[in-house]
Amino acid sequence: MWNLERYKENIALYLESGETISYQQIAQSQKEIGSVLRGRTVAVLVCRNTLGCILCYLSLMRKDIVPLLLPANLEEQEVLRITQAYRAKYLCCCRGYLSQNWNPLIAIEDYNIYEIPNWKKTEMSKDLALLLTTSGSTGDSRCVRLSKTNIKSNAVSICQYLKLTQNERAITSLPFHYTYGLSVIHSHLLCGASLLLTDKNILQKEFWQFAESKGATSFAGVPFNYEMMNRFCLLEKLPKSIKILTQAGGRLEPELQEKIAQLAIQRKILFYIMYGQTEATARISYLPPSLAMEKAGCVGKTIPGGKIWISEDDEVCYQGNNVCLGYAKSYRDLKKEDENNGVLYTGDIGYLEDGLLYIEGRKNREVKINGRRIRLEHLEENWKKYFRSNMVCSFDDSKLYLLVEGKISEENVKKLREWIPILEKDIIAREVDKLPRKANGKVNVAFRA
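For any residue, its number in the numbering used here is found by taking its place in the sequence shown, counting from 1, and adding 258.
As structure tokens, then:
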């Protein structure tokens with residue numbers, strides 16, 4: 259998928275240690291790791307932005323083994339449950355993550371690959387290449403099924419509209435398992451560019467020291483990232499080498515969008531606002547930088563090779579080679595072929611104006627909170643299971659609204675923030691004796707606390 263030989267002399271990865279990894283070195287590592295891997299199967303990869311993780315990922319892809327990417331903050335028992343649900347043959351994770359007394363099949367930098375005991379082979383579609391979860395760390399194991407065609411077509415589109423070249427240096431500011439963060443990796447490797455590989459977050463000074471010292475040329479962020487950068491005055495301190503800012507994963511507040519757009523004009527930075535879904539392998543549309551100041555709330559025009567239209571019930575629809583094959587909940591779904599035929603009904607309500615797309619909300623109760631897909635029903639179930647009380651929630655304009663039967667404690671809020679990436683100020687909660695219900699007895703989720 260990636261022509262590593264073509265760019266063999268280029269630097270693919272800059273590490274915080276000062277070491278660099280060339281495309282040729284990645285290709286060699288792929289061969290070494292691949293020599294111990296056998297069979298067409300699933301491999302669960304617990305992801306971090308580290309050398310071991312990216313080498314595991316690229317090696318699995320080269321061997322036609324299907325990676326299932328999970329966040330590093332997921333509890334071990336959940337990882338093992340998902341591993342079993344998908345009959346994965348291999349588990350790849352950071353050294354020290356597992357409490358199981360298993361011997362690694364191979365060690366790669368900071369990562370180990372384990373072969374799962376008593377593994378059972380399962381039938382898989384020949385087109386299946388990657389499994390990405392849709393619900394972050396709330397414990398839902400539903401995955402989006404992606405093909406190599408999906409991955410490459412989206413990466414090609416991104417390279418085209420961002421005009422990426424071999425000279426780019428993108429810093430890994432987003433989680434590896436997250437479709438937006440992964441798309442940054444895919445697109446930059448496709449065009450022979452470099453990645454500044456770090457697991458630090460944007461509020462750590464080491465992140466920005468690394469970006470500055472290695473000349474990062476681009477930064478990708480979700481609204482939460484930009485809100486934090488604005489709060490701590492980091493926008494004004496961006497490294498001078500930054501030439502591209504991209505934003506996706508939810509709606510920016512209009513005032514903040516205007517502020518970033520104005521800063522971008524002053525600094526001659528290209529600021530792209532984008533829209534996408536995991537089901538579209540990350541990207542669906544982008545707003546050209548020249549429109550960022552005047553088009554608040556707009557997510558732009560379709561990416562190269564795609565088509566957007568609005569259905570009769572105002573749902574945003576998309577067609578393109580990057581549309582996923584479908585969903586999977588267990589190994590039983592891995593044999594399914596393409597169920598979408600290149601057409602995605604996004605579940606978002608929106609409209610087109612002068613060829614530009616505007617998103618107004620969700621049809622159902624799946625929402626994006628700072629870039630992570632969250633099912634509100636699953637959040638409510640987790641709350642009831644953990645706290646033994648009923649709660650109903652809704653989400654709008656970056657605020658999470660809660661109605662809770664009984665008392666709300668600091669422990670409740672702390673645990674909630676472990677499940678989803680949200681600031682305490684954005685949680686608006688109210689205590690009630692009984693949750694509001696409709697005539698049919700179902701809880702009324704259309705409320706504001």
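Every residue gets a Cβ at the ideal spot worked out from N, C-alpha and C, and that includes glycine.
| Asked | Found |
| --- | --- |
| For the segment 424-442 against the segment 466-482, do three or more pairs of beta-carbon atoms, one drawn from each stretch, fall closer than 8 Å, so that the two count as touching? | yes |
| How many Å lie between arginine 646 and isoleucine 678 at the Cα? | 19 Å |
| Does the beta-carbon distance from proline 562 to alanine 522 come in below 8 Å? | no |
| Based on DSSP bridge pairs, tell me the residues matched to tyrosine 355. | DSSP lists no partner for tyrosine 355. |
| Between which two residues does the beta strand (DSSP E) holding arginine 620 run? | 614-620 |
| Starting from lysine 657, trace the beta strand (DSSP E) both ways and give me its first and last residue. | 657-663 |
| According to DSSP, simplified to helix, strand and coil, what is serine 452? | strand |
| When the Cα of valine 601 is compared with those of Lys593, Ile607, Arg620, Asn580, which residue comes out closest? | Asn580 |
| Can you tell which of Tyr369, Asn361, Trp360 has its C-alpha closest to the C-alpha of arginine 353? | Tyr369 |
| When DSSP labels each residue in this structure, what does serine 395 get in the three-state scheme? | Because the pLDDT at serine 395 is just 45, under 50, the model does not fix this residue reliably, and the value given afterwards should be weighed accordingly. Serine 395 falls in the coil class under three-state DSSP. |
| Note the first and the last residue of the continuous alpha helix (DSSP H) segment covering glycine 564. | Looking at the DSSP string, glycine 564 is not in any alpha helix (DSSP H), and its letter there is neither H nor E. |
| Alpha carbon to alpha carbon, how far is aspartate 571 from alanine 586? Give it in angstroms, no decimals. | 27 Å |
| Can you confirm whether the segment 603-623 touches the segment 482-491 when touching is taken to mean that 3 or more C-beta pairs between the two stretches lie within less than 8 Å? | no |
| Could you give the first and the last residue of the continuous alpha helix (DSSP H) run that contains isoleucine 409? | 406-420 |
| DSSP three-state call for isoleucine 627: helix, strand or coil? | strand |
| Excluding the five sequence neighbours on either side, which residues of its own chain have a C-beta within less than 6 Å of the C-beta of isoleucine 542, listed in chain order? | Tyr533, Gly534, Tyr576 |
| Looking only at C-alpha atoms, which of Trp641, Asp655, Lys458 sits nearest to asparagine 307? | Lys458 |
| Does the segment 511-531 come within contact of the segment 549-569, defined as at least 3 CB pairs closer than 8 Å? | yes |
| Quick check on cysteine 491: buried or exposed, where buried means 16 or more other Cβ atoms within 10 Å of its Cβ? | exposed |
| Can you tell me which residues form a DSSP beta bridge with threonine 504? | Ala478, Tyr530 |
| Give a yes or no on contact between the segment 622-635 and the segment 678-689, applying the rule of three or more CB pairs nearer than 8 Å. | yes |
| As an exercise, report each continuous alpha helix (DSSP H) stretch of at least 4 residues that is fully enclosed by the segment 326-392, in chain order. | 334-343 |
| Tell me whether valine 650 is buried or exposed, calling it buried when 16 or more other Cβ atoms sit within 10 Å of its Cβ. | buried |
| Beta carbon of valine 601: closer than 7 Å to some heavy atom of the ligand FMN? | With respect to the ligand FMN, the structure shown offers nothing to examine, as it has no ligands at all. |
| According to DSSP, is glycine 473 part of a helix, a strand, or is it coil? | coil |
| Quick check: the Cα distance between glutamine 283 and arginine 623, rounded to an integer number of angstroms? | 45 Å |
| Following the continuous beta strand (DSSP E) through glutamate 689, name the residue where it begins and the one where it ends. | 685-690 |
| Identify which residue in Glu267, Lys657, Trp260, Cys305 has its Cα closest to the Cα of phenylalanine 482. | Lys657 |
| Could you compute how far the alpha carbon of lysine 384 sits from the alpha carbon of lysine 410? | 16 Å |
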